[in-house]
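There are 2 protein chains.
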Amino acid sequence: MITFELKHVCKQSGARYGLLHTPHGTFETPIFMPVGTKASVKTLSPKEIKEVSDGLILGNTYHLWLTPGLEVIKLHGGIRGFMKWDKALLTDSGGFQVFSLAENRVIKEEGVYFTNPKNGDKLFLSPEKAIEIQEVLGADIIMSFDECPKIDATYEYMKKSVERTLRWAKRGKDALTTDQALFGIIQGGLNKDLRKYSLEKTVEIGFPGYAIGGLSVGEKDIEMYEMLEFLNPLMPKDKPRYLMGVGEPTDIINAVIHGVDMFDCVLPTRNARHGSVFTTEGKIQIKNKKYELDLTPLDKNLKTKISKYSKSYVRHLFREKEILASRILTYQNLAFLKDFMEKIRTAIKDNRLLDFKKEFLYNYLYTKK
Amino acid sequence: MITFELKHVCKQSGARYGLLHTPHGTFETPIFMPVGTKASVKTLSPKEIKEVSDGLILGNTYHLWLTPGLEVIKLHGGIRGFMKWDKALLTDSGGFQVFSLAENRVIKEEGVYFTNPKNGDKLFLSPEKAIEIQEVLGADIIMSFDECPKIDATYEYMKKSVERTLRWAKRGKDALTTDQALFGIIQGGLNKDLRKYSLEKTVEIGFPGYAIGGLSVGEKDIEMYEMLEFLNPLMPKDKPRYLMGVGEPTDIINAVIHGVDMFDCVLPTRNARHGSVFTTEGKIQIKNKKYELDLTPLDKNLKTKISKYSKSYVRHLFREKEILASRILTYQNLAFLKDFMEKIRTAIKDNRLLDFKKEFLYNYLYTKK
Chain R
71 MITFELKHVC KQSGARYGLL HTPHGTFETP IFMPVGTKAS VKTLSPKEIK
121 EVSDGLILGN TYHLWLTPGL EVIKLHGGIR GFMKWDKALL TDSGGFQVFS
171 LAENRVIKEE GVYFTNPKNG DKLFLSPEKA IEIQEVLGAD IIMSFDECPK
221 IDATYEYMKK SVERTLRWAK RGKDALTTDQ ALFGIIQGGL NKDLRKYSLE
271 KTVEIGFPGY AIGGLSVGEK DIEMYEMLEF LNPLMPKDKP RYLMGVGEPT
321 DIINAVIHGV DMFDCVLPTR NARHGSVFTT EGKIQIKNKK YELDLTPLDK
371 NLKTKISKYS KSYVRHLFRE KEILASRILT YQNLAFLKDF MEKIRTAIKD
421 NRLLDFKKEF LYNYLYTKK
Chain D
71 MITFELKHVC KQSGARYGLL HTPHGTFETP IFMPVGTKAS VKTLSPKEIK
121 EVSDGLILGN TYHLWLTPGL EVIKLHGGIR GFMKWDKALL TDSGGFQVFS
171 LAENRVIKEE GVYFTNPKNG DKLFLSPEKA IEIQEVLGAD IIMSFDECPK
221 IDATYEYMKK SVERTLRWAK RGKDALTTDQ ALFGIIQGGL NKDLRKYSLE
271 KTVEIGFPGY AIGGLSVGEK DIEMYEMLEF LNPLMPKDKP RYLMGVGEPT
321 DIINAVIHGV DMFDCVLPTR NARHGSVFTT EGKIQIKNKK YELDLTPLDK
371 NLKTKISKYS KSYVRHLFRE KEILASRILT YQNLAFLKDF MEKIRTAIKD
421 NRLLDFKKEF LYNYLYTKK
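So this is what it looks like as structure tokens:
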């Protein structure tokens, strides 16, 4: 089981600094969790993941359930034994992927019937099944099986969906047989009444942490920020709050100001493989011609073990599709986010997060690159 | 410049143990040199390359001359500065690639005219140009510009080619302005008279080391071994002997018995990316279904930092095209060859290389996998 200590609230911004105690380590929040979809944070070894994270990463239930399957992972004692990760882990419920990746999907009260697009297998995922799978995967923190409707769903559909997700949350909680920390998920799209209802009823069921799902799925940034601002005072103060699927630095800092404690996203790792690099001076695209003769490191303000490589060299590797390019860029993007979260936590403790936001955005958005 | 000390000749096999002194380290021979074609030993960081090599690697002149080009590499002070490699380096002359990769190739006495298949640029490579490029690349050991004719070329063509390669070798030596160690290359296909002639005339010009080119290009193994056996007593004893493009363990051990000191090949790194793994119990294909539930390491007799991963996990990564699979398998294949070369050197010093060969082949070829 996990516990959460709210240690400080930033006097300037209201942002929260806390400690998340898990069976595999205590983590300062706000925290960013790199995504290791298929039991690998893409391109990195476990040792490197430790270097560029705080030690809490995410695995995806849907992918690992389908490949390699539970028998293989059970044999290794869970994802942690499978990938040789000795720090903390969170798994999602598979719900998001069922709704975004699966084919021939039919949603019923009992769960979701769908087809594995890779081999045509007919599959069924339910609140109970999602718990059963996540118990095998063995993460410290696991998630309730929810529906994440399209952001433009009708009010009627969204209401029906929120009600069903609440019933599913209760069923998942009842099914849990381990002391893994099961989080509830708040849905409701962009409708404040539904969000408030979803939040209150989920809290009524009672979970050790609460996730906000169904945001960062195509709405405008400002719509997401407004919803987070609306939810902030309504959420339990003594439980961690996890905004799912958000990894853009500007979004993270705004969400932190609205009381969010935990983040995950494939953005830093996926962007890296496309040559898009987070730096303290803003995002750069490494294949740009202007870096051809650039001897400076990717990020002159962030000293890491990949600082020794010149932009010119990394550009060459990237253009030549050398795997080392993806490694270096993934390392930089995660190291950047780790450093960014640490700066956010320091600013919260110093009661100056709004000042930090201004300074950060000035460098990040406006520096001439 | 380099120097070579022949320290011991195996009483059982005649194989040579020596020390190769370079400006960036002294290396025991026989040695295997991993290939870093485009200034990267594919998938590995320089730190990892050190762990799985003896510290002498190869770069390819042809590829680096075309991309990123000499201006970029010159700016970094050579390949070593470009890729942050602080140990020793050897570059080839580009000749082999011009003859295997280039289009619209026209061979003249002055050099070779060809088209860059990537962009249609008309290019010219000559003995002098190959030296000029390799001086910029800055390796400790560099190679003469030679022609590597097809193994089934006529005697007349082969003779003409050998004569021209000798004139090119002399021109390259005359063009050299640095103290890099320029090796001569022996050609002559499968014709012993031509090989003997090529060897004698190349030695007459005089180089600090001699490579054997034009083998491992499609002939039978036994034809290669016979040619090496024929050349062995004719080659200068006090100079290192480098068999180009050979990396299969069975070929290496036979070549060592015939007096070869140095090897390079893309085989271990390329095979790794196709799931083919060198182990002390023979080659395995990691995607094989029988490894699905196999908790043992890739090579139970070779303890390295990747021994912690199960075959089951590596198979999963490989099937899912995770980059970490290529990293782990490349590491294993090169670690295997490093260990293999060390065992060969020990057996030479112990005057029991023929015994070692039998033991090795028994395990490598016949163990039930």
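Line by line, the protein sequences give chains R and D.
Residue numbers for the first sequence follow the working numbering, beginning at 71 and rising by one.
Residue numbers for the second sequence follow the working numbering, beginning at 71 and rising by one.
No residue lacks a Cβ here, since even glycine has one placed at the ideal position from N, Cα and C.
- Just so you know, the alpha carbons of D124/D and P104/R end up roughly 35 angstroms apart.
- In this structure, G164/D keeps its C-beta atom at 8 angstroms or more from the C-beta atom of P219/D.
- When the Cα atoms are used, L424/D and N189/D turn out to be separated by approximately 50 angstroms.
- Between L363/D and S377/D, the gap from beta carbon to beta carbon reaches 8 angstroms or more.
- Taking C-beta atoms under 8 angstroms as the contact rule, A239/R and T272/R qualify, at a distance of about 6 angstroms.
- From the listed residues P319/R, L145/R, I101/R, the smallest Cα separation to I127/R is found for I101/R.
- Distance from the CA of L387/R to the CA of A395/R, rounded to the nearest whole angstrom, comes to 5 angstroms.
- A Cβ of chain R is located within less than 8 angstroms of the beta carbon of E390/D.
- In terms of beta-carbon proximity, T320/R stays away from the interface with chain D, with every pair separated by 8 angstroms or more.
- DSSP, read as helix, strand or coil, puts V142/D in helix.
- The Cβ of E198/D sits no closer than 8 angstroms to any Cβ of chain R.
- Only exposed fits G139/D, as fewer than 16 other CB atoms lie within 10 angstroms of its CB.
- With 16 or more other Cβ atoms inside 10 Å of its own Cβ, K112/R counts as buried.
- The continuous stretches of beta strand (DSSP E) do not include N403/D, which lies in the alpha helix (DSSP H) extending over residues 393-419.
- For the stretch 83-112 of chain D, the set of residues with a beta-carbon nearer than 8 angstroms to any beta-carbon of chain R comprises K108, A109, S110, K112, in chain order.
- Looking at the DSSP output, Y280/R bridges to G254/R, R311/R.
- In the same chain as Y295/D, and ignoring 5 residues on each side of it, the C-beta atoms closer than 6 angstroms to its own belong to N324, in chain order.
- Looking from the CA of A200/D, the closest CA among M153/D, E217/D, M213/D belongs to M213/D.
- Contact with chain R is absent for S377/D, since none of that chain's Cβ atoms lies less than 8 angstroms from the residue's Cβ.
- At a cut-off of 8 angstroms between beta-carbon atoms, V168/D makes no contact with chain R.
- At a cut-off of 8 angstroms between C-beta atoms, S346/R does not count as an interface residue with respect to chain D.
- In the three-state scheme derived from DSSP, where H, G and I count as helix and E and B as strand, T235/D is classed as helix.
- Ranked by how close their Cα comes to the Cα of F348/D, the residues I393/D, F410/D, V182/D have F410/D in first place.
- Separation of the CB atoms of Y87/R and I418/R is rounded to 4 angstroms, and the pair is thereby assigned contact status at 8 angstroms.
- According to the DSSP assignment, F74/D belongs to the beta strand (DSSP E) that extends over 73-79.
- For V206/R, the enclosing alpha helix (DSSP H) has its first and last residue at 197-207.
- Taking a contact to require three or more Cβ pairs closer than 8 angstroms, the stretch 151-161 of chain D and the stretch 178-195 of chain D do not qualify as touching.
- Rounded to the nearest whole angstrom, the C-alpha separation of T107/R and V336/R is 9 angstroms.
- In the three-state reduction of the DSSP assignment, R150/R falls in the helix class, which pools H, G and I.
- Counting other Cβ atoms within 10 Å of its Cβ, H328/R reaches 16 or more and is therefore classed as buried.
- Within the model, the alpha-carbon separation for A405/R versus L304/D is close to 57 angstroms.
- In this chain, Y434/D is not harboured by any alpha helix (DSSP H), its DSSP state being neither H nor E.
- Rounded to the nearest whole angstrom, the CA to CA distance from F166/R to T366/D is 34 angstroms.
- Between V326/R and S286/R, the CB-CB gap reaches or exceeds 8 angstroms.
- T161/R has a beta carbon lying at 8 angstroms or more from every beta carbon in chain D.
- For a Cβ distance threshold of 8 angstroms, nothing in chain D lies close to P187/R: the least Cβ distance comes to about 15 angstroms.
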